[in-house]
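For what it's worth, the working numbering labels the leading residue of the sequence shown as 275, then goes sequentially.
Okay, structure first, notes after.
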Amino acid sequence: MAPPAPPQSKPKQNQKQDRHDGPPPNVWLLALELRAFWEAGALLPTWPVLSRAPRGDGHSVVVFPGLSANDGSTMPLRRYLDSLGYQTSGWEQGFNFGPRAGVLDAARAQVTRAFKDSGRKVSLIGWSLGGVYARELAKELPHMVRSVITLGTPFAGSHRSTNAWRIYELASGRKVESEAENYDLPSAPPVPTSSLYSRSDGIVAWQGSIQQPSPDNPHTENIEVIASHIGLGLNPSAWWAVADRLAQAEGQWRPFERKGTFLHGLIYPDPARAA
């Protein structure tokens with residue numbers, strides 16, 4: 275499912291030791307993806323809490339959609355972040371059918387433009403496949419990127435650890451295995467990076483979304499939420515975590531604090547379980 279990185283990314287020397295090569299989520303978890311409708315419906319009753327999330331400082335945020343999705347899928351999240359004071363934009367390239375010719379170039383130009391127009395570093399958010407774009411662009415443009423947040427992104431798993439790799443190949447016209455194996459996708463970007471994942475994800479094996487500790491970047495973390503893959507971008511607990519991460523002052527990163535968040539013990543499981 276994961277696409278290739280831009281040419282500047284590292285080759286695959288260290289990829290195997292950090293990659294999850296297990297099976298994709300089983301059929302029961304796949305069936306539970308229907309929860310996405312409930313997750314979207316939960317936004318209204320939780321809005322009074324969500325509206326009290328930390329306010330933003332006005333910096334730019336670019337949000338990349340998942341496979342076969344477009345900016346309409348990320349509009350609710352972007353409108354929420356707008357309400358908190360950010361300047362958000364979608365990726366502005368229609369449906370995401372993989373890194374076809376010109377896609378990464380246009381995404382790179384968009385981040386560069388947002389950086390130059392605002393005079394400030396840009397945060398990147400990516401849902402599933404869109405998170406791979408966000409991570410790889412941050413590796414290439416660390417002087418322009420403030421932070422990266424991914425939602426159910428399979429950067430640390432083999433192509434067969436997802437239930438979407440066939441769809442990826444059909445949509446993109448590319449062989450995912452021959453592309454991804456040439457790049458070190460599991461390596462963390464050199465900027466503060468948060469990976470949101472769910473153990474009940476029915477599309478991506480959750481282990482494939484776990485960022486291993488990076489000796490080159492101590493500002494990485496994994497945040498577990500209880501969500502479907504399709505619903506991650508519409509899940510109230512995911513929205514709260516995204517808002518909390520974006521609100522950190524530049525250069526003052528701290529790990530996500532579960533205590534003090536609403537019903538934190540139930541909504542954000544113990545991070546030690548990801549070990």
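The beta carbon of each residue, even a glycine, is placed where N, CA and C say it ideally should be.
Note that the structure is a prediction, hence the values are computed from the model and not measured.
Taking the C-beta atoms as reference points, A501 is found no nearer than 8 Å to I477.
Leaving aside the five residues that flank A462 on each side, the residues in its chain whose CB is nearer than 7 Å to its CB run, in chain order, Q485, S488, N491 and T494. Around A412, the same chain offers L398, V419, V422, P463 and V465 as residues with beta carbons nearer than 7 Å, after the five sequence neighbours per side are excluded.
Fewer than three pairs of CB atoms, one per stretch, sit closer than 8 Å, so the segment 373 to 380 makes no contact with the segment 332 to 341. With the rule of 3 Cβ pairs closer than 8 Å, the segment 315 to 330 counts as touching the segment 504 to 521. Going by DSSP, L444 is part of the alpha helix (DSSP H) stretching over W439 to S446. Contact check for L341 against Y442 passes: the beta carbons are separated by less than 8 Å. By the beta-carbon neighbour count (other beta carbons within 10 angstroms, threshold 16), S392 is exposed. Classified as buried, E313 has 16 or more neighbouring CB atoms from the shown chains inside 10 Å of its CB. Here the alpha carbon of N300 sits roughly 21 Å from the alpha carbon of E451. Contact between A383 and G505 is absent: CB atoms are separated by about 31 Å, not below the 8 Å threshold.
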